[in-house]
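Everything on this sheet refers to the single structure shown next.
Chains as they are written, first to last, in our numbering: chain A, 10 to 73; chain B, 160 to 295.
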């Protein structure tokens, strides 16, 4: 799934490892989500939205 | 922090799995010695012959516990996918081998106890391939 994670992360100056720590997941998870190869569960998507203080739709875009 | 907890789940899994495998090897070697030296019969023979499979059954419980304890959903997903790939590969190899054995006289008999290490070998290969080819 297309997403804005890389941009949002860069705006805050966080590395993938920083984001992984904040999300309490592994760095590979962040990388897989960021590159669109793994779609996170709803709870993790909400956690991301809360962390970036935005809506899930602002982070993930459905490709239809 | 869950990164640490995730590592904790992996650490516990490794510890439990390696302990189970140590008993597996111990029971195989011990059983081999016992059968060669004492030629046990009856219930003792059955018990000694069954012992190595107990850590195997236990290791399935250990994997189930790992999947329950792993907080990182991506890693959990990866493990499940690797096990599914390995299950397919194991079923394919053993089925092909089985029919070769059935129809061809010169094919050696495939010992069933080898299915378990074969499955875990495929799990390892699958996990590496998934990380390298799919999630890189």
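The C-beta atom is built at its ideal place from N, Cα and C for all residues, glycine as well.
(request) For residue 69(A), write down the residues that DSSP places opposite it in a beta bridge. (result) Along the first chain, one-based indexing puts residue 69(A) at 60. 12(A), per the DSSP bridge assignment.
(request) Identify whether residue 160(B) lies in helix, strand or coil by the three-state DSSP scheme. (result) Start at 1 with the first residue of the second chain, and residue 160(B) comes out as number 1. Note on residue 160(B): pLDDT 40, under 50, position unreliable in the model; the coordinate value appears next. Residue 160(B): coil per DSSP, three-state reduction.
(request) For residue 72(A), collect the residues of the same chain with a Cβ closer than 6 Å to its Cβ; drop the 5 residues on either side in sequence, then sort them by chain order. (result) As a working note, residue 72(A) is residue 63 in the first chain. Here the set comprises 11.
(request) Could you round the C-beta distance between residue 67(A) and residue 13(A) to whole angstroms and report it? I think they count as a contact, below 8 Å. (result) Along the first chain, one-based indexing puts residue 67(A) at 58. Along the first chain, one-based indexing puts residue 13(A) at 4. That pair is a contact at about 7 Å.
(message) Restricting to Cα atoms, I'd like to know which of 242(B), 243(B) and 271(B) is closest to residue 256(B).
(response) By one-based count along the second chain, residue 256(B) stands at place 97. Nearest option by C-alpha distance: 271(B).
(message) Going by DSSP in three states, residue 24(A) sits in which element: helix, strand or coil?
(response) Reading the first chain from its first residue, position 15 is the one you call residue 24(A). Reduced to three states, the DSSP call for residue 24(A) is coil.
(message) Here's the rule: buried if 16 or more other CB atoms are within 10 angstroms of the residue's CB, otherwise exposed. What is residue 183(B)?
(response) Here the question's residue 183(B) lines up with position 24 in the second chain. That one is buried.
(message) For residue 109(B) and residue 173(B), what's the separation of their Cα atoms in angstroms?
(response) The structure shown does not extend to residue 109(B), since chain B spans only 160 to 295, so no value can be given for it.
(request) Select from 41(A), 34(A) and 33(A) the residue whose C-alpha is nearest the C-alpha of residue 293(B). (result) Locating residue 293(B) in the second chain gives position 134, where the first residue counts as 1. Nearest of 41(A), 34(A) and 33(A) to residue 293(B), Cα basis: 41(A).
(request) Measure from the alpha carbon of residue 190(B) to the alpha carbon of each residue in 213(B), 176(B) and 170(B), then state which is nearest. (result) In the second chain, counting from the first residue as 1, residue 190(B) sits at position 31. Minimum Cα distance to residue 190(B) is reached at 213(B).
(request) Would you check if the distance between the CB atom of residue 228(B) and the CB atom of residue 168(B) is smaller than 8 Å? (result) Within the second chain, residue 228(B) is the residue found at index 69, counting from 1. Within the second chain, residue 168(B) is the residue found at index 9, counting from 1. Yes, the pair counts as a contact, with Cβ atoms nearer than the cut-off.
(message) Check for me: the alpha helix (DSSP H) holding residue 215(B) runs from which residue to which?
(response) Counting from one through the second chain, the residue named residue 215(B) turns up at place 56. Taken as a continuous stretch (DSSP letters only), the alpha helix (DSSP H) holding residue 215(B) covers 212-228.
(request) Mind reading off the beta-carbon distance from residue 233(B) to residue 24(A)? Whole number of angstroms is fine, and I expect it under 8 Å. (result) Start at 1 with the first residue of the second chain, and residue 233(B) comes out as number 74. Start at 1 with the first residue of the first chain, and residue 24(A) comes out as number 15. Between residue 24(A) and residue 233(B) the Cβ distance is about 17 Å, and since that is not below 8 Å, they are no contact.
(request) Go through its chain and collect everything with a Cβ distance to residue 58(A)'s Cβ below 7 Å, but skip five positions before and after it. (result) Counting from one through the first chain, the residue named residue 58(A) turns up at place 49. Excluding residues within five positions, the ones whose Cβ falls inside 7 Å are 64, 65 and 68.
(request) Quick one: give me the first and last residue of the alpha helix (DSSP H) that residue 205(B) is part of. (result) Numbered from 1 along the second chain, position 46 holds the residue referred to as residue 205(B). Taken as a continuous stretch (DSSP letters only), the alpha helix (DSSP H) holding residue 205(B) covers 201-209.
(message) Taking the alpha helix (DSSP H) that residue 295(B) belongs to, which residues open and close that run?
(response) Position 136 of the second chain, counted from the start, is the residue given in the question as residue 295(B). No alpha helix (DSSP H) holds residue 295(B); DSSP gives it neither H nor E.
(request) Counting only the same chain and skipping the five closest in sequence on each side, list residues whose C-beta sits under 7 Å from that of residue 217(B). (result) One-based indexing of the second chain puts residue 217(B) at position 58. Hits under 7 Å: 179.
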